[in-house]
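One line per chain: the protein sequences are A and B, in this order. Numbering of the first sequence is given in this note's numbering, commencing with residue 1 and proceeding in unit increments. Numbering of the second sequence is given in this note's numbering, commencing with residue 160 and proceeding in unit increments. Cβ coordinates follow ideal geometry from the N, Cα and C atoms, glycine included.
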Amino acid sequence: MKVTMHVNGRQVSGEAEGRTLLSAFLREELGLTGTHIGCDTSQCGACTVHVDGKQVKSCTMFAAEAEGAEVTTIEGMANADGSLSAIQQAFQDYHGLQCGFCTPGMVMAAAALLEEIPQPTEAQIRHHLDGNICRCTGYHNIVKAIQAASGQPVAVAAE
Amino acid sequence: MYNFDFVKPSTVEEAVAALADDEAQPLSGGQTLIPTMKQRLNAPETLVSLLGIEALKGVTVGGDRVTIGAATTHATVAREVAEAYPALAALAGNIGDPAVRNRGTIGGSLANNDPAACYPAAALASGATVVTNRREIPADEYFEGMFATALEEGEIITRVTFPIPEAAAYVKFEQPASRFALAGVFVAKFAGGVRVAITGASEEGVFRWSEAEEALSGNFSAGAVSALSLDADGMMADLHGSAEYRAHLAKVLTGRAVTAAG
Ligand SMILES: Cc1cc2nc3c(=O)[nH]c(=O)nc-3n(C[C@H](O)[C@H](O)[C@H](O)COP(=O)(O)OP(=O)(O)OC[C@H]3O[C@@H](n4cnc5c(N)ncnc54)[C@H](O)[C@@H]3O)c2cc1C
Ligand code: FES
Ligand code: FES
Numbered sequence: 001m002k003v004t005m006h007v008n009g010r011q012v013s014g015e016a017e018g019r020t021l022l023s024a025f026l027r028e029e030l031g032l033t034g035t036h037i038g039c040d041t042s043q044c045g046a047c048t049v050h051v052d053g054k055q056v057k058s059c060t061m062f063a064a065e066a067e068g069a070e071v072t073t074i075e076g077m078a079n080a081d082g083s084l085s086a087i088q089q090a091f092q093d094y095h096g097l098q099c100g101f102c103t104p105g106m107v108m109a110a111a112a113l114l115e116e117i118p119q120p121t122e123a124q125i126r127h128h129l130d131g132n133i134c135r136c137t138g139y140h141n142i143v144k145a146i147q148a149a150s151g152q153p154v155a156v157a158a159e
Numbered sequence: 160m161y162n163f164d165f166v167k168p169s170t171v172e173e174a175v176a177a178l179a180d181d182e183a184q185p186l187s188g189g190q191t192l193i194p195t196m197k198q199r200l201n202a203p204e205t206l207v208s209l210l211g212i213e214a215l216k217g218v219t220v221g222g223d224r225v226t227i228g229a230a231t232t233h234a235t236v237a238r239e240v241a242e243a244y245p246a247l248a249a250l251a252g253n254i255g256d257p258a259v260r261n262r263g264t265i266g267g268s269l270a271n272n273d274p275a276a277c278y279p280a281a282a283l284a285s286g287a288t289v290v291t292n293r294r295e296i297p298a299d300e301y302f303e304g305m306f307a308t309a310l311e312e313g314e315i316i317t318r319v320t321f322p323i324p325e326a327a328a329y330v331k332f333e334q335p336a337s338r339f340a341l342a343g344v345f346v347a348k349f350a351g352g353v354r355v356a357i358t359g360a361s362e363e364g365v366f367r368w369s370e371a372e373e374a375l376s377g378n379f380s381a382g383a384v385s386a387l388s389l390d391a392d393g394m395m396a397d398l399h400g401s402a403e404y405r406a407h408l409a410k411v412l413t414g415r416a417v418t419a420a421g
């Protein structure tokens, strides 16, 4: 079947089977490989994207379910001039990534959080990241990056 | 995953008609069904999405009850029920993670009846009514054991009605990897008595702990259950906890839920 949606502000169409996951559609049909597949079992959050403004795991949704939807992926997060968005820049400044595999999902989760709670507490940030697994950083610097991106003071300065 | 046809009706009647086919299955938030289809534990020929049916979505609060459409997400319940029934909203807001809560629905959770799921405890402790396209099923008759419910072939949940208790709380001891309940206890105090439902613990799925209900109906305090004990016989045992551990945990959580309910 043909599936049509808006991805990062652009209308796109592509072929999908019933079983085609949104993650596969983005990566294989549209070539947007910034959305990562860490587990494919709904656990890790590396595949997090926004559908109609809501954070979802794109490996746990069918492409056909996103027919007509507004989808935002990590490729749509940078500023219009190509510079990094505040959240992305904060991840770099505060060492919120090491290998970077979880980072697209972390940034999408962080963006959804700040949309809902512009100045979250540390506890709110950690609760919100329940579904995003990072094997490298130990999370502290991710939390700091999100605090910094929200304009809040960060307890320990980045080195 | 095996392939299937995807249909997205906009009315309950169309969905029911599509589900008359033996090989068709409803798809709600997909947060349980998609992972099981990936494992080929489930291979429907047609998936009938319920998320295009507006009549199945939303929350209405009227007097002493809250009614929630089957296709209402956990995130919506967490937000919109917060005032009317805070314990239920808190339960919804602690299911899985934000992405799961944005897709997963109450109807899907109750239809699936995972032995470690949260909503079954709320429905049973509240004495909720599960409404389907065919009938109204009291929670006491709805849950029939692990992954088993009173739902028949082709029958779908349309909404769930919860009587609002005077006081209530849900306390979940999370299995940290899955965030499902290693044990979870929902305590609800009504004018007519107290109801206690335990999830995550028994091999039979969610159940009411009648001994605790009796004790708490006379004296609603954590102390009232401290001398009781749950039988480890029939409790689940796995690498996360033995049967004895779960029985003890469920009892301790019951006391904590009573304290939290205040
Ligand atoms: C990472 C992760 C963590 C989770 N953590 C928790 C947790 O802490 N606590 C918890 O309780 N759950 C948890 N869940 C499960 C989650 O709550 C699911 O959303 C829920 O169990 C199923 O709802 P769904 O809408 O996604 O249903 P689906 O997956 O779409 O469907 C589930 C089943 O119900 C059937 N069905 C769906 N809707 C209806 C209906 N209206 N009438 C009849 N049958 C129907 C389907 O055919 C299918 O068999 C978690 C899931 C994930 C992926
Ligand atoms: S790839 Fe989707 S949750 Fe891990
Ligand atoms: S930076 Fe490597 S997984 Fe998070």
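Open item on the list: Just to make sure I have the definition right: I need the residues of chain A whose C-beta is within less than 8 angstroms of the C-beta of B/K197. Which are they?
Closed with: Here residue 197 of chain B is taken as the residue at index 38 of the second sequence, counted from 1. Chain A residues near B/K197: D40, T41.
Open item on the list: Give me the subset of the segment 178-190 of chain B whose CB atoms are less than 7 angstroms from a CB atom of chain A, sorted by chain position.
Closed with: G189, Q190
Open item on the list: Quick check on DSSP: helix, strand or coil for A/T72?
Closed with: Counted from its first residue, the first sequence places residue 72 of chain A at position 72. In this structure, A/T72 counts as strand in the three-state DSSP scheme.
Task: Neighbourhood of A/T20 by C-beta distance below 6 angstroms, restricted to the same chain and skipping five residues each side - done: For this step, residue 20 of chain A is matched to residue 20 along the first sequence. These residues qualify, in order along the chain: A63.
TODO: Within 10 angstroms of the Cβ of A/C102, are there 16 or more other Cβ atoms? Answer buried if so, exposed if not.
DONE: The residue you call residue 102 of chain A lines up with position 102 of the first sequence. Buried is the call here.
Open item on the list: Can you confirm whether A/H128, when its beta carbon is compared against all beta carbons of chain B, has any partner nearer than 8 angstroms?
Closed with: As a first step, residue 128 of chain A must be located in the first sequence, where it is residue number 128. Yes - at least one Cβ of chain B is within 8 angstroms of the one on A/H128.
TODO: Can you tell me the Cβ-Cβ gap for B/V225 and B/V240, rounded? I've got them flagged as a contact below 8 angstroms.
DONE: By one-based count along the second sequence, residue 225 of chain B stands at place 66. By one-based count along the second sequence, residue 240 of chain B stands at place 81. Rounded, the Cβ-Cβ distance is 6 angstroms, consistent with contact.
Task: Residues of the segment 203-224 of chain B with Cβ closer than 9 angstroms to any Cβ of chain A, in chain order - done: T205, L206, S208, L210
Open item on the list: Run through the DSSP bridge pairs and tell me what A/P104 is partnered with.
Closed with: As a working mapping, residue 104 of chain A is identified with position 104 in the first sequence. Answer by DSSP bridge pairing: none, since A/P104 is not bridged.
- [ ] State yes or no: is the C-beta of B/T231 nearer than 7 angstroms to some heavy atom of ligand 3?
- [x] Here the question's residue 231 of chain B lines up with position 72 in the second sequence. No, since every heavy atom of ligand 3 falls outside the 7 angstroms radius drawn around the Cβ of B/T231.
Open item on the list: Which same chain residues end up closer than 7 angstroms to B/I212 when comparing Cβ atoms and leaving out the 5 residues on each side of it in sequence?
Closed with: Looking up residue 212 of chain B in the second sequence gives position 53. Counting only Cβ-Cβ distances below 7 angstroms, and skipping sequence neighbours, we find P168, S169, T170, V171, A174, A230.
Open item on the list: Quick check on B/I193 - is its C-beta less than 8 angstroms from some C-beta in chain A?
Closed with: Translated into positions along the second sequence, residue 193 of chain B becomes position 34. By this cut-off, B/I193 is an interface position.
TODO: Leaving aside the five residues before and after A/G68 along the sequence, list all residues of the same chain whose C-beta is less than 6 angstroms from its C-beta, in chain order.
DONE: Here the question's residue 68 of chain A lines up with position 68 in the first sequence. Taken in chain order, the list of residues that qualify is empty.
- [ ] To the nearest angstrom, report how far apart A/V7 and B/D273 are at their CA atoms.
- [x] Taking the first sequence and counting its residues from 1, the one referred to as residue 7 of chain A is at position 7. Taking the second sequence and counting its residues from 1, the one referred to as residue 273 of chain B is at position 114. Distance between the alpha carbons of A/V7 and B/D273 is about 35 angstroms.
Task: Segments of 3+ residues assigned as beta strand (DSSP E) that fall wholly inside the segment 213-295 of chain B - done: 218-221, 224-228, 288-291
Task: Short CB-CB distance (under 8 angstroms) between A/G14 and chain B - done: Start at 1 with the first residue of the first sequence, and residue 14 of chain A comes out as number 14. False, the Cβ-Cβ gap to chain B never drops below 8 angstroms.
Task: Exercise answer, beta-carbon shell around ligand 4 heavy atoms below 5 angstroms - done: As presented, the structure is devoid of ligand 4, carrying ligand 1, ligand 2 and ligand 3 as its sole ligands.
TODO: Could you spell out the range, first to last residue, of the alpha helix (DSSP H) harbouring B/R405?
DONE: The residue labelled residue 405 of chain B in the question sits at position 246 within the second sequence. B/R405 -> alpha helix (DSSP H) spans 402-420.
Open item on the list: With a threshold of 7 angstroms (Cβ to nearest heavy atom), would B/C277 be considered close to ligand 1?
Closed with: Stepping through the second sequence from its first residue, residue 277 of chain B is reached at position 118. Yes, the Cβ of B/C277 comes within 7 angstroms of a heavy atom of ligand 1.
Task: From B/G228, B/A374, B/D390, B/L206, residue whose alpha carbon lies closest to that of B/G414 - done: As a working note, residue 414 of chain B is residue 255 in the second sequence. Per the Cα distances, B/A374.
Open item on the list: Below 7 angstroms on C-beta distance, what does B/N261 contact in chain A?
Closed with: Position 102 of the second sequence holds residue 261 of chain B. Ordered by position in chain A, the residues that pass the 7 angstroms Cβ test against B/N261 are K54, Q55, V56.
Open item on the list: Check whether chain B comes within 8 angstroms of A/F62, counting only Cβ atoms and requiring the distance to be less than that.
Closed with: Residue 62 of chain A sits at position 62 when you count from the first residue of the first sequence. Interface residue, yes.
- [ ] Give me the Cα-Cα distance between A/S58 and B/D390, rounded to the nearest whole angstrom.
- [x] Numbered from 1 along the first sequence, position 58 holds the residue referred to as residue 58 of chain A. Numbered from 1 along the second sequence, position 231 holds the residue referred to as residue 390 of chain B. Looking at the two C-alpha atoms, the distance is approximately 42 angstroms.
Task: When B/E312, B/A276, B/G221 are compared against B/H233, the one with the closest alpha-carbon - done: Mapped onto the second sequence, residue 233 of chain B falls at position 74. Closest option to B/H233, Cα to Cα, is B/A276.
Open item on the list: One question on the structure: do B/S361 and B/G393 come within less than 8 angstroms of each other, judged by their Cβ atoms?
Closed with: Stepping through the second sequence from its first residue, residue 361 of chain B is reached at position 202. Stepping through the second sequence from its first residue, residue 393 of chain B is reached at position 234. In contact: B/S361 and B/G393 (Cβ atoms closer than 8 angstroms).
TODO: Report yes if the CB atom of A/G76 is closer than 8 angstroms to the CB atom of A/A145, and no otherwise.
DONE: Taking the first sequence and counting its residues from 1, the one referred to as residue 76 of chain A is at position 76. Taking the first sequence and counting its residues from 1, the one referred to as residue 145 of chain A is at position 145. It is not a contact, given that the beta carbons lie outside the stated cut-off.
Open item on the list: For B/N253, count the other beta carbons within 10 Å of its own beta carbon; 16 or more makes it buried, fewer makes it exposed. Which is it?
Closed with: Taking the first residue of the second sequence as position 1, residue 253 of chain B is located at position 94. When all chains shown are included, B/N253 counts as buried.
- [ ] Can you have a look at B/F165 and say buried or exposed, based on whether 16 or more other CB atoms are within 10 angstroms of its CB?
- [x] Stepping through the second sequence from its first residue, residue 165 of chain B is reached at position 6. Answer is buried; the Cβ neighbour count reaches 16.
Task: A/R126, enclosing alpha helix (DSSP H) - first and last residue - done: Against the first sequence, residue 126 of chain A aligns to sequence position 126. Per DSSP, A/R126 belongs to the alpha helix (DSSP H) from 122-128.
Open item on the list: The beta strand (DSSP E) that contains B/K331, what's its start and end?
Closed with: The count along the second sequence starts at 1 and reaches residue 331 of chain B at position 172. That run of the beta strand (DSSP E) goes 326-333.
Open item on the list: Beta-carbon within less than 7 angstroms of A/I117's beta-carbon, same chain only, minus the 5 sequence neighbours each way: which residues are those?
Closed with: Residue mapping note: residue 117 of chain A aligns to position 117 of the first sequence, counting from 1. Here the set comprises Q124.
Task: Pairwise C-alpha distance: B/A282 and B/G267 - done: Looking up residue 267 of chain B in the second sequence gives position 108. Looking up residue 282 of chain B in the second sequence gives position 123. About 13 angstroms.
Open item on the list: Would you say B/F332 lies against chain A (beta-carbon separation less than 8 angstroms)?
Closed with: Reading the second sequence from its first residue, position 173 is the one you call residue 332 of chain B. False, the Cβ-Cβ gap to chain A never drops below 8 angstroms.
Open item on the list: Measuring only the C-alpha atoms, how far is B/G304 from B/E311?
Closed with: For the purposes of this step, residue 304 of chain B is identified with residue 145 of the second sequence, where counting begins at 1. For the purposes of this step, residue 311 of chain B is identified with residue 152 of the second sequence, where counting begins at 1. Cα-Cα distance, rounded: 15 angstroms.
TODO: Check whether the Cβ atoms of A/A46 and A/G34 sit closer than 8 angstroms, and answer yes or no.
DONE: The residue you call residue 46 of chain A lines up with position 46 of the first sequence. The residue you call residue 34 of chain A lines up with position 34 of the first sequence. For A/A46 and A/G34, no; Cβs fall outside 8 angstroms.
- [ ] Determine the DSSP secondary structure at A/L22, reduced to helix, strand or coil.
- [x] What you label residue 22 of chain A is simply residue 22 of the first sequence in a count that begins at 1. Correct three-state label for A/L22: helix.
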